[in-house]
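Trainee: Sending over a structure as structure tokens; questions will come in a sec.
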Amino acid sequence: MRAIVIREHGGRDKLLLDADAPTPRAGPGQVVVQVHACGLNHLDIFVRRGMPGKRIPLPFTSGGDIAGVIAEQGAGVSGVAVGQRVLVDPAIEHGAIGEDAPGGLAEYALVPAASLIPLPDAMPFDEAAALPIAYGTAWRM
């Protein structure tokens with residue numbers, strides 16, 4: 001699969017396209033989402049630059065604000081189905097997708113099933129991917 005990968009911290013020139021990144025596989029309690037849109041926000045810049053006191057294992061793919069379609073589900077996952085449109089809440093579990101776990105600046109992203117929000121057919125993927133930074137900030141205020 002294709003993914004935007006950070007191999008070393010620094011400026012925008014450190015964002016590289018990896019055309020042969022491994023496609024994730026769903027484990028227990030996880031799903032693989034085929035990414036249709038991924039929002040960008042300040043966290044992606046912090047991850048790319050490197051954050052003092054926080055070790056980000058490299059190479060790394062950031063991008064937590066993901067909207068797409070479930071491509072695979074792991075054992076024990078219920079309440080969702082392959083082919084379902086979803087928005088990923090990047091911080092519903094401990095840690096943050098795109099910071100503590102690889103994110104959605106890729107064709108596929110591995111996420112906890114508990115992080116999924118069903119996405120109505122009328123909601124465009126690009127608009128959905130813009131939501132987590134706004135509602136997440138308000139929810140945590």
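First residue of the sequence shown: 1, per full-length UniProt numbering; consecutive thereafter.
Heads up, the beta-carbon is just placed ideally off N, CA and C, and yes, glycines get one too.
Would you be able to state if there are at least three C-beta pairs under 8 Å between the stretch 111-122 and the stretch 9-20?
Mentor: Because the criterion of three Cβ pairs below 8 Å is not met, the stretch 9-20 and the stretch 111-122 do not touch.
Trainee: What is the DSSP secondary structure of Glu8, counted as helix, strand or coil?
Mentor: Reading the sequence shown from its first residue, position 8 is the one you call residue 8. Looking at Glu8 - three-state DSSP - the assignment turns out to be coil, as it is neither helix nor strand.
Trainee: Can we count Leu43 as close to the ligand MG, meaning its CB is less than 7 Å from some heavy atom?
Mentor: In the structure on display, the ligand MG does not appear, and there are no ligands present to speak of.
Trainee: Buried or exposed for Glu99, please, with buried defined as at least 16 other CB atoms from any protein chain shown within 10 angstroms of its CB.
Mentor: Reading the sequence shown from its first residue, position 99 is the one you call residue 99. Buried, by the Cβ-count rule.
Trainee: Rounded to the nearest angstrom, what separates Leu119 and Val33 at their Cα positions?
Mentor: Working through the sequence shown from its first residue, we reach residue 119 at position 119. Working through the sequence shown from its first residue, we reach residue 33 at position 33. Their backbone Cα atoms lie some 13 Å apart in a straight line.
Trainee: Counting only the same chain and skipping the five closest in sequence on each side, list residues whose C-beta sits under 7 Å from that of Ala129.
Mentor: Translated into the one-based positions of the sequence shown, residue 129 becomes position 129. Closer than 7 Å at the Cβ level, and outside the excluded window around Ala129, lie Ala37, Cys38, Gly39, Asp65, Ile66, Ala67.
Trainee: Identify which residue in Val82, Ala71, Gly103 has its Cα closest to the Cα of Ala3.
Mentor: On the sequence shown, position 3 is the one that residue 3 refers to. Closest option to Ala3, Cα to Cα, is Gly103.
Trainee: Hey, Val82 and Ile70: beta-carbon distance below 8 Å or not?
Mentor: To locate residue 82, count along the sequence shown from 1; it is residue 82. To locate residue 70, count along the sequence shown from 1; it is residue 70. A contact, by the Cβ cut-off of 8 Å.
Trainee: CB-CB under 7 Å to Phe125, same chain, minus the five flanking residues each way: which ones, in chain order?
Mentor: Reading the sequence shown from its first residue, position 125 is the one you call residue 125. Same-chain partners within the cutoff: His36, Ala37, Ala67, Gly68.
Trainee: Can you give me the start and stop residues for the alpha helix (DSSP H) that Glu127 sits inside?
Mentor: Your numbering for residue 127 matches position 127 in the sequence shown. Note, Glu127: alpha helix (DSSP H), 125-129.
Trainee: Consult DSSP for Leu43 and reduce its assignment to one of helix, strand or coil.
Mentor: As a working note, residue 43 is residue 43 in the sequence shown. Residue state, collapsed to three classes: helix.
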